[in-house]
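J.:
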Amino acid sequence: MRTLIVGHGGRESALACRMAEHSELHALLGHENPSIVRHAAESGGGHALGDVCDPRAVAAFAREREIDLAMVSADEPLAAGVVDALRAQGTATVGPTRAGAEIEWNKAFARSLLTEVAPEASPLLRVARDAGEVAEGIAAFGSMPVVVKPSGLTGGKGVKVMGPHLASHEEARAYGVSLFERGRADETVLIEEKIVGAEFTIQAVSDGRTVVFPPSTYDYPFRYDGDEGPGTGGMGSLSMPGATLPFMTTAHYEQACSIIERVIARLAEQGRHFSGVMNSGFFATADGVKVIEFNARFGDPECMNIMSLFNGSWPHVMERICAGALSAEDVPLRKEASVVLYLVSPDYALRAGPAYDFTLDREQIEAAGSHVFFSSAVQSGEGTYRTVGTSRAVALATTAPTLEEARARVVQSALTIPVLEWRRDVGDEGYLNGLRALLAPGPPAGGEPLLPNAV
Ligand code: GLY
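Take 1 as the starting number for the sequence shown in my numbering and just add one per residue.
Pasting the structure below:
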């Protein structure tokens, strides 16, 4: 069987690793990601460089390589309609169409749908359609702290929260206005209440009808230890041997799964094709869960947790999804803890910067029990690599019976890699236990808002 992966991040490296075990893998990439290039070659397939967001180019590549099954797993190609182009020519494809992926690329749409199916889990919201409405929207929250986010794709870097990123309502207003000044004309800005709670994600796998739920995952979306510094695409992630994380309850998990099922069912009712993975972000709070966002694909890094735990054939899962016949037995996962640690350019999320050369002994790291999943890096020599842009360069992923063991293993290997930067607190149990304090019941910060929920 010939399979296709579209994209070049750490997430696609992990998928490529699993796909190449059971198929001849072909890849269309924006840069020569060393993991994907190697897995494709070792499976008897190959790769080409191209624009992964150009639906016609991706479809032509799939035709040329006579692809049986394709996987589109990154937000921008999904928003560009790559799945639509593949399906239109008859290529069986895992991933939502542009209409299905609107749940991610239009946060105002996502919130409107959420209000229909799970109003209890929807944070208070105002949508500003122009710069003038930003001040009005923020004023409606009274003294309550707010979160400001553009409705479109941001690569994890567009959301700003009062407290860590915005010192006052005035700064929140200025940020919201600036989004209109530099954003697209059709974009809206969301102003939401700041929820007090601890975040978790679920990487729900679906054929559009049946939904399979892996364990909850935790992502570290800030640049520095202790959640200091700017927001990022995720500096690491983890999961525990059971379904929940140390700070949340089974009730949180079950409520979140039920919301995802309702969202996927509603997309189907609306005639929007959704298949693949819905990476759904939640806050666990003292009063149940609140939704942060829905992503129409695996999270990056969380995909690497699930692929490290996965104990089956991913091309088989893709076949079952395309046949509309997915069941939980198709997605066997080992009951272990998993830790993923991203090593990043020293300039990541901070500033533009040069390319950095670094060395990495892949075979040694793999022999010590971790996967190496490259992201924004290319190979520059034997055992030497160069960063691409100022992004996340390479991830180390492992599983073990306990979180402590998994963390120790990736940290040991990270210490052998020079130049790149990484968070020291990824997988630290003290950090996770600290999140429990965020679930203590109490009055909402800043008093009552002045508005009903308005989308
Ligand atoms: N882990 C964040 C994201 O994939 O968007």
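Cβ atoms here follow ideal geometry from the backbone N, Cα and C, with glycine treated the same way.
For Asn-305, verify whether its CB is less than 7 Å away from any heavy atom of ligand 1.
T.: Walking along the sequence shown from the start, residue 305 turns up at place 305. Incorrect: Asn-305 has no Cβ contact closer than 7 Å to ligand 1.
J.: If you run the structure through DSSP and keep just helix, strand and coil, what is Gln-364?
T.: Locating residue 364 in the sequence shown gives position 364, counting from the first residue. Correct three-state label for Gln-364: helix.
J.: Cα separation between Glu-456 and Ala-14?
T.: Here the chain has residues from 1 to 455 only, and residue 456 is not among them.
J.: Three or more C-beta pairs under 8 Å: does that hold for the stretch 223-241 against the stretch 264-284?
T.: The stretch 223-241 is not in contact with the stretch 264-284.
J.: Looking only at its chain, what residues have a beta carbon closer than 6 Å to the beta carbon of Ser-239, apart from the 5 residues adjacent to it on each side?
T.: Start at 1 with the first residue of the sequence shown, and residue 239 comes out as number 239. Counting only Cβ-Cβ distances below 6 Å, and skipping sequence neighbours, we find Pro-215, Thr-217, Asn-305 and Ser-338.
J.: Between Phe-358, Gly-152, Arg-334 and Glu-269, which lies nearest to Ala-108 when the distance is taken from Cα to Cα?
T.: In the sequence shown, residue 108 corresponds to position 108, counting from 1. Nearest C-alpha to Ala-108: Gly-152.
J.: Nearest by alpha-carbon distance to Ile-191: which of Ile-202, Arg-173, Gly-7 and Glu-421 is it?
T.: As a first step, residue 191 must be located in the sequence shown, where it is residue number 191. Per the Cα distances, Arg-173.
J.: What does DSSP give as the partner residue(s) for Gln-379 in the beta ladder?
T.: One-based indexing of the sequence shown puts residue 379 at position 379. For Gln-379, which the question treats as bridged, DSSP gives the partners Tyr-385.
J.: Ordered along the chain, which non-local residues of its own chain (more than five positions away) have a Cβ less than 6 Å from that of Gly-208?
T.: The residue given as residue 208 occupies position 208 in the sequence shown. Here the set comprises Ala-268, Phe-274 and Ser-275.
J.: Please work out which residues of its chain come closer than 7 Å, Cβ to Cβ, to Gly-369, disregarding the five sequence neighbours upstream and downstream, and give them in chain order.
T.: Along the sequence shown, one-based indexing puts residue 369 at 369. Counting only Cβ-Cβ distances below 7 Å, and skipping sequence neighbours, we find Thr-398 and Arg-409.
J.: Suppose you measure from the CA of Ala-243 to the CA of Ala-131; what does that come to, to the nearest Å?
T.: The residue you call residue 243 lines up with position 243 of the sequence shown. The residue you call residue 131 lines up with position 131 of the sequence shown. Cα-Cα distance, rounded: 42 Å.
J.: Asp-287: buried (16+ other C-beta within 10 angstroms of its C-beta) or exposed?
T.: For the purposes of this step, residue 287 is taken as residue 287 along the sequence shown, with counting starting at 1. Under this definition Asp-287 is an exposed residue.
J.: Can you tell me whether Asn-311 is buried or exposed, with buried defined as 16 or more other CB within 10 angstroms of its CB?
T.: Here residue 311 is taken as the residue at index 311 of the sequence shown, counted from 1. Counting Cβ neighbours within 10 Å, Asn-311 comes out exposed, since fewer than 16 surround it.
J.: So, with DSSP's three-state summary, where would you put Glu-24?
T.: Stepping through the sequence shown from its first residue, residue 24 is reached at position 24. Strand, per DSSP.
J.: As an exercise, report each continuous beta strand (DSSP E) stretch of at least 3 residues that is fully enclosed by the stretch 181-239, in chain order.
T.: You should have 189-193, 198-206, 222-224, 228-231 and 236-239.
J.: Under 8 Å: do the stretch 48-56 and the stretch 18-30 share three or more Cβ pairs, one atom per stretch?
T.: Counting Cβ pairs under 8 Å, three or more are found: they touch.
J.: Take every Cβ of the stretch 306-326, pair it with every Cβ of the stretch 74-94, and state whether three or more of those distances are shorter than 8 Å.
T.: Verdict: yes, contact present.
J.: Let's see if you can read the secondary structure: which residues bound the alpha helix (DSSP H) around Lys-107?
T.: The sequence position of residue 107 within the sequence shown is 107, counting from 1. Its alpha helix (DSSP H) spans residues 107-117.
J.: Could you compute how far the alpha carbon of Thr-250 sits from the alpha carbon of Ala-256?
T.: In the sequence shown, residue 250 corresponds to position 250, counting from 1. In the sequence shown, residue 256 corresponds to position 256, counting from 1. One C-alpha to the other measures close to 10 Å.
J.: Tell me the start and end of each unbroken beta strand (DSSP E) in the stretch 272-326 that is at least 3 residues and wholly inside, in chain order.
T.: With a minimum length of 3 residues, the continuous beta strand (DSSP E) runs that stay inside the stretch 272-326 are 276-285 and 288-295.
J.: Starting from Phe-373, trace the beta strand (DSSP E) both ways and give me its first and last residue.
T.: Your numbering for residue 373 matches position 373 in the sequence shown. Phe-373 -> beta strand (DSSP E) spans 371-374.
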